[in-house]
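Numbering (our numbering), first residue to last: 931 to 1220. Virtual Cβ for every residue (Gly too), placed ideally from N, Cα, C. Here's the structure we're looking at; comments come further down.
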Amino acid sequence: LGYMQHRKGPNIVGPTGLFQPIADGVKLFIKEPIRPATSSQTLFLLAPTLALSLAMIIWTPLPMPVSFSEMSLGIMFILALSSLTVYTILGSGWASNSKYALIGALRAVAQTISYEVTLALILLCTILLSGNFMLQNFNISQEAIWFIIPMWPLAMMWYISTLAETNRAPFDLTEGESELVSGFNVEYAGGPFALFFLAEYANILMMNTISAIIFMGSSTLLPLSSTTVILMTKAALLSMAFLWVRASYPRFRYDQLMHLVWKNFLPITLALTIWFIAFPISTLMTPPTT
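If you want it as structure tokens, here you go:
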């Protein structure tokens, strides 16, 4: 980030500061976890624990290339659990007993729920093309061509929606330092804050891995070991693009954020969903030309 913005970043730990995130994580876990006296103690500690637990469980149906669990409705499982992460943010904001934390949490809830509608519709279109709810099926469906080529408008909207879903810049209104101090995690310190930190980055990697599976499916013709390497390389490149966007763009205003999804993304996604449903039916029902 530092070099992207033509400045020096933290470059002491490891070669060119490569191990800085690990050092930050260790430092946070060593620190004393401070809990506000007026907070709801149980929920205050439960929220970050649940956030990391959900972030880890969502990885279960992902084929990398073999999944932990063969789920016939893997996509539905991911959508359901990503919706539950909203409760951890809302719980942490309410349990902190701070107006800044609560405002940040409410913003996060509204933002996540809004963008999940478009994510679900885009997933529906990809399911109609692949013909199955199983994520393993996407690899087989994309042997001839990646879905990103015929579905590029949906792929662009999906990528922007994943930015909003994971509360990353330019959609990081929940953590607006200039207006909300630090957002929903303003009262957290030490270990619990590190759990939120880990959950956020686990969700970013998970979303980018799903993007790679759905739109840039790894080939089934390669050996299993190289398939995993290729998939994680794609996910890493998409994550680098997340950082590039963060370094380049300023934060959205709240009304612009909501206008983008409800007035722009949703109508386009609905129209394309109807197209993907109607096109196979209309072509099958056409009379023979001979």
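Cα-Cα, which of the options is closest to residue i?
i: A1119; options: I1043, P945, G939 and G955; result: G955
i: W989; options: A1124, T1163, L958 and I1143; result: I1143
i: V1047; options: E962, E1000, L1173 and L1190; result: L1190
i: A1132; options: T1096, S1141 and F1145; result: T1096
i: M1001; options: L1009, I1008, P995 and P991; result: P991
i: A953; options: K1164, R965, P940 and P963; result: P940
i: A1040; options: L1058, I1019, L1059 and I1057; result: I1019
i: A1038; options: L1128, S969, Y1017 and K1193; result: Y1017
i: H936; options: F1007, I1207 and W1174; result: W1174
i: R958; options: A1124, A1129 and I1057; result: Checking the sequence, you will find Leu at residue 958 rather than Arg. That would be A1124, whose Cα lies nearest to the Cα of L958.
i: M1006; options: I1057, V996, M994 and P963; result: I1057
i: Y1045; options: P1197, L1214 and I1211; result: P1197
i: I1090; options: G1113, L1036 and S1141; result: S1141
i: F1195; options: M1136, P1083 and A1171; result: P1083
i: L1065; options: L1009, N1115, Y1184 and D1185; result: L1009
i: A1165; options: T1139, S1013, K938 and V1159; result: T1139
i: L1153; options: P995, G944 and W1088; result: Note on residue identity: the sequence assigns Pro, not Leu, to residue 1153. Checked all of P995, G944 and W1088; the closest Cα to P1153 is P995.
i: L982; options: L1093, K961, I1134 and L1167; result: I1134
i: G1061; options: P993, L1003, Y1184 and F949; result: L1003
i: S1013; options: G1023, I1160 and L1049; result: L1049
i: L1161; options: P993, S1212 and I942; result: P993
i: P1080; options: P945, W1205, L1214 and F949; result: W1205
i: A1094; options: L1128, T1163, S1212 and R1176; result: R1176
i: M1136; options: S1212, T1092 and T1157; result: T1092
i: A1129; options: V1159, S1156, S1155 and R1098; result: R1098
Near residue i, what residues of its chain come up, given a Cβ to Cβ distance below 6 Å and the 5 sequence neighbours on each side ignored?
i: G1147; result: F1068, N1069 and Q1072
i: L973; result: G1021 and A1025
i: F998; result: T990
i: L980; result: T1018
i: N1027; result: T968 and S969
i: T1015; result: L984
i: L1168; result: N1138 and S1141
i: A1085; result: I1078 and F1145
i: W1088; result: I1052
i: F949; result: V943
Below 8 Å on the Cβ atoms is my guess for residue i versus residue j; work out the distance and round it to an integer in Å.
i: L1011; j: I987; result: 6 Å
i: L1032; j: P1122; result: Not quite, the Cβ-Cβ distance comes to about 17 Å (not below 8 Å), so this is no contact.
i: F1101; j: L1187; result: 6 Å
i: F1126; j: P978; result: 5 Å
i: F1114; j: A1035; result: 4 Å
i: V1116; j: Y1184; result: V1116 to Y1184, Cβ: 18 Å. No contact.
Taking 7 Å as the limit between beta carbons, can you name the residues of its chain near residue i, skipping five residues before and five after?
i: T1203; result: L1051, L1054 and C1055
i: P1180; result: P1100
i: R965; result: Q971 and F974
i: T1219; result: Residue confidence is low: T1219 scores 49 on pLDDT, short of 50, so the model does not pin down where it sits. Its coordinate-derived value is still stated next. Closer than 7 Å at the Cβ level, and outside the excluded window around T1219, lies no residue.
i: A1063; result: Note that residue 1063 corresponds to Phe in the displayed sequence, not to Ala. Excluding residues within five positions, the ones whose Cβ falls inside 7 Å are S1002, L1003, G1004, I1005, M1006 and I1057.
Give every residue of the same chain whose Cβ lies closer than 8 Å to the Cβ of residue i, excluding the five residues on either side of it in the sequence, and list them in chain order.
i: F1182; result: P1100, F1101, L1103 and L1190
i: I1207; result: L1058
i: W1076; result: F1145, M1146 and G1147
Quiz prompt | Secondary structure, alpha helix (DSSP H): runs of 4+ residues fully inside the stretch 1060-1136 | solution = 1066-1071, 1082-1095 and 1107-1110
Quiz prompt | Length at least 4, wholly inside the stretch 980-1059: the alpha helix (DSSP H) runs in chain order | solution = 1004-1025
Self-check item: Length at least 4, wholly inside the stretch 1140-1201: the alpha helix (DSSP H) runs in chain order
Solution: 1154-1178 and 1184-1189
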